[in-house]
Amino acid sequence: MGNWFEALMNFIYPPHCPLCHKYVENRGDWCTVCLSLACQPHRLPITAPMQSVIDSAWALSVYRGGTRELIRGLKYHDRRSNLPYIKRLLQEAEKSAGVRKLLEESIWAVPVPLHAKRQRERGFNQAELIFADWLQDHSIPMKNMLRRVRQTRPLYQLTARERAVSLREAFQLQTGGKVKGKSVLLVDDIMTTGATLYACANVLKQAGAGKIQALVLASDQG
Ligand SMILES: [Zn+2]
Numbered sequence: 006m007g008n009w010f011e012a013l014m015n016f017i018y019p020p021h022c023p024l025c026h027k028y029v030e031n032r033g034d035w036c037t038v039c040l041s042l043a044c045q046p047h048r049l050p051i052t053a054p055m056q057s058v059i060d061s062a063w064a065l066s067v068y069r070g071g072t073r074e075l076i077r078g079l080k081y082h083d084r085r086s087n088l089p090y091i092k093r094l095l096q097e098a099e100k101s102a103g104v105r106k107l108l109e110e111s112i113w114a115v116p117v118p119l120h121a122k123r124q125r126e127r128g129f130n131q132a133e134l135i136f137a138d139w140l141q142d143h144s145i146p147m148k149n150m151l152r153r154v155r156q157t158r159p160l161y162q163l164t165a166r167e168r169a170v171s172l173r174e175a176f177q178l179q180t181g182g183k184v185k186g187k188s189v190l191l192v193d194d195i196m197t198t199g200a201t202l203y204a205c206a207n208v209l210k211q212a213g214a215g216k217i218q219a220l221v222l223a224s225d226q227g
């Protein structure tokens, strides 16, 4: 974007914080207060069966307030103008030593896939959109190594046990996909029970992947 155009845009439509709408200097910035409230990198507790395939799992925020609005806007209203705010949050999260370690240890990132039908309807996979650009800055390529072969019923209609059974068969390695020996960072927008990440990690582990870690934008655990 030319400087004059940017200056004009900033004059007509000044950059503002996505939450409190306070004016900020650059487009995509948050005000410092809202950013520090939204950006809360934390390690997620993972259950015993998950620990056998997932080395560690991290969330960068919690699924409420601003983060929830940004994710919902992107997913359900195709609001890609939310992406610069999300990227700014990801960059802020790098202040956490744990997040930096995740980045250092990962060779590839693999997004949790949507079923092909869902992806056609939505036009994109939000996990990819959220993380691709930021991970590219860290030289971690996004590889679509998995596919979702079963459309599961909405998970909130199922008990934990039914969820696990329903998800067990839901993912497969992409035809010709090779992950042997690769350290993988599984990425998704939200983690609720972790059952989806667990199902994906299982497929990657069976295909010979090395260390598997998981990263979600937001945790949603009650
Ligand atoms: Zn703000």
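Be aware that the sequence shown starts at 6, since it is given in my numbering, and climbs by one per residue. Positions of the beta carbon are idealized from the N, C-alpha and C atoms, including for glycine. Being a predicted model, the structure only gives us computed values, none of them experimental.
Nearest neighbour of residue 168 by Cα position, chosen from 154, 203, 185, turns out to be 203.
Beyond the five residues adjoining it in sequence on each side, residue 132 comes within less than 7 Å, by CB distance, of 116, 117, 192, 193, 194 in the same chain, given in chain order.
Given a length threshold of 3 residues, each whole run of the beta strand (DSSP E) inside the region 98-186 is given here in chain order: 113-116, 151-153, 176-178. Buried is the label assigned to residue 63, since at least 16 other Cβ atoms lie within 10 Å of its Cβ. Straight across, the Cα-Cα distance linking residue 23 with residue 71 is about 8 Å.
The C-beta distance from residue 143 to residue 108 rounds to 5 Å, short enough to meet the 8 Å contact threshold. Ranking 84, 152, 145, 201 by CA distance to the CA of residue 187 puts 145 first. In the assembly as shown, residue 201 is a buried residue. Its beta-carbon has 16 or more other beta-carbons within 10 Å. Here residue 96 carries a helix assignment [DSSP, helix/strand/coil]. For residue 27, the Cβ falls inside the 7 Å cut-off from some heavy atom of ligand 1.
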